Amino acid sequence: MNYLKDIILMSVLVVLVVNGTPIPSVHSEVLTSEWTSGEELAINSFSTKPRPSTKWEQIIKMLVHEVTTFRDQQFVEEFQMPLENMSSFAEHQVPSIPQHLTKTPCFSNYSKEACLQEISRGLQVYQVLLQHVQTEYPQSNVIPMVRDHANVLIGLVIGKMKAVVVESLPASEKEQVLGEVSTATEWHKKTSVHAILRDLRHFLVDTKRALCRMGKKGEGCQ
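Residue numbers for the sequence shown, in mature numbering (1 follows the signal peptide of the UniProt record, and there is no 0): -20 to -1, 1 to 202.
Structure follows, in structure tokens:
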């Protein structure tokens, strides 16, 4: 897979985000074009009022771009099918994949702290699942970037918490998660990678929606 251009662009952008440097509009347009694709979970602007993107918004946009790109190319190359056939793989699931945030305190019985804990825990589970993806595709330069950017996002989410102790994923649960995907047949390993990337994208989009709800009144998300 040829990701050289994406790798260079994303590496520069994550440095800018972490350092707090505004991203030039040309890069914003590139990322927005991925964010506002025609997929069912793409999120439109929450406000028409212009406002600089926050660090976590920029990180999520980069992650969505990276995950979507790798997911699409993995699907076409591994299953030899056009992207239009992706919906036929909807039934393929990985048991340990976190539930959609729409079914958590982020969207029902809203609790900011509970929501942030749910996001943090979900991202930690995906970090473990991405280890499996990286094992299956060791030549990929994109998955290490996704994991690095996810770590940045976890740090930003934890920074928004009031809790003194942040729940970490127990080692036993990490082993269980990896065991579910690493002992499967070759076919199931491929479908598991697809399901992980597909649902990670959903999780990131829901995370953006949830964090937007926590913003100051009158401020939307781009």
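C-beta: ideal position from N, C-alpha, C; glycine also. Since this is a predicted model, take the numbers as computed values, not measurements.
A175 carries a helical assignment under DSSP once its states are collapsed to helix, strand and coil. The beta carbon of L109 sits closer than 6 Å to those of I176, all from its chain and outside the five residues before and after it, given in chain order. Sequence-distant Cβ neighbours of Y106 in its own chain, meaning closer than 6 Å and more than five residues away, are L180.
Non-local C-beta neighbours of R101 in its own chain, meaning closer than 8 Å and more than five positions away in sequence, comprise P78, E147 and L149, ordered along the chain. By alpha-carbon distance to M141, the top candidate from K41, N65 and K92 is K92. Per DSSP, reduced to three states, the secondary structure at M66 is helical. For G159, the enclosing alpha helix (DSSP H) covers residues A151 to S162.
One alpha carbon belongs to K170, the other to L81, and they sit about 25 Å apart. Here the alpha carbon of Q119 sits roughly 11 Å from the alpha carbon of V113. In chain order, P62 and L63 place their CB closer than 8 Å to the CB of V56, counting only its own chain and leaving out the 5 sequence neighbours on each side.
Under the 10 Å beta carbon count, M125 is surrounded by 16 or more other beta carbons and is classified as buried. Looking at the backbone, the Cα of M194 and that of Q111 are separated by about 30 Å.
In terms of Cβ geometry, A190 and I99 form a close pair [threshold 9 Å]. In the three-state DSSP reduction, H45 falls in the helix class (H, G or I). Each residue's CA atom was taken as its position, placing Q54 and L136 some 29 Å apart. Closest in C-alpha terms to L96, from the list K35, D52 and G139, comes G139. The straight-line gap separating the alpha-carbon atoms of S67 and P85 is approximately 28 Å.
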